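Visitor: This is the structure I want to talk about, given as C-alpha cells.
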Amino acid sequence: MDYLWLRFLHIIAVILWTGGMLVVAVTLRSAGPDSAQRNPAFFAAIHRWDQRVTTPAMFAVWALGLTLAFMGGWYSSGWFIAKFILVFVLSGIHGTLSGNLRRLVADPGRTLPGPLRHAAPAIIVLEAVIVLLVGLKPF
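If you use the numbering used here, the sequence shown corresponds to residues 174 to 312, in order.
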C-alpha cells in the first residue's frame, strides 16, 4: 500500500484512539465519589465504544506506525525511539482506563483510584509531545 495512504490511516486511527481515551478519562473523572449519581447504562455504552472502536484503533496505530517507521527507515532515529516510548506509555494509560471502566460497569458502587483524575491532561500532554517529535524530528 502507498505510504501516503498508510499515513492517512495511521492518523485516523490515532484520532479515534486518543479521542476515545479522552472520553473514557473524562467519563471516569465525572463519575465522582457518590455512586448514587452514576448512570450504569451510560458507563456500559462508553465501555462498548471502548471495546469496539478505541481498542482496535490502538492496535491499528501500533501496526500502521511500526510499518511507517520501517518504510521510512526511522526505527533507529532518536525522535522515533522517544515517540515509541511515549506511545507505549499512552497504551498503558489506555489499559488502566479501560480496566477501571470495565470494573465500574461491573460494580457501579466501586471507588475509583485518585490518579485517574489526571489522566485527561496527561493524555493531552503526551499527544502534544508526540506530535512535536514527529513534526520536528529534533534528534
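All residues carry an ideal CB built from backbone N, CA and C; glycine is no exception.
No experiment lies behind these values; they were computed from the predicted model shown.
#1: Considering Ser-264, what are the terminal residues of the alpha helix (DSSP H) in which it resides?
#2: Should Ala-214 be labelled buried (16 or more other beta-carbon atoms within 10 Å of its own) or exposed?
#3: Can you check which of these residues, Leu-239, Arg-275, Ser-250, is closest to Leu-309 by C-alpha distance?
#4: Could you check which residue in Ile-219, Thr-269, Pro-311, Met-244 has the C-alpha nearest to that of His-291?
#5: Taking only heavy atoms of the ligand SAH into account, decide whether any of them is closer than 7 Å to the Cβ of Asp-280.
#6: Quick one: what's got a C-beta closer than 6 Å to Trp-247's C-beta in the same chain, skipping five residues either side?
Guide: In short:
#1: Where Ser-264 is concerned, the enclosing alpha helix (DSSP H) stretches over 251-279.
#2: It is exposed - the Cβ of Ala-214 has fewer than 16 other Cβ atoms within 10 Å.
#3: Restricting attention to Leu-239, Arg-275, Ser-250, the CA atom closest to the CA of Leu-309 is found in Ser-250.
#4: Nearest of Ile-219, Thr-269, Pro-311, Met-244 to His-291, Cα basis: Thr-269.
#5: Here there are no bound small molecules, and the ligand SAH is not part of this structure.
#6: Contacts found: Phe-253.
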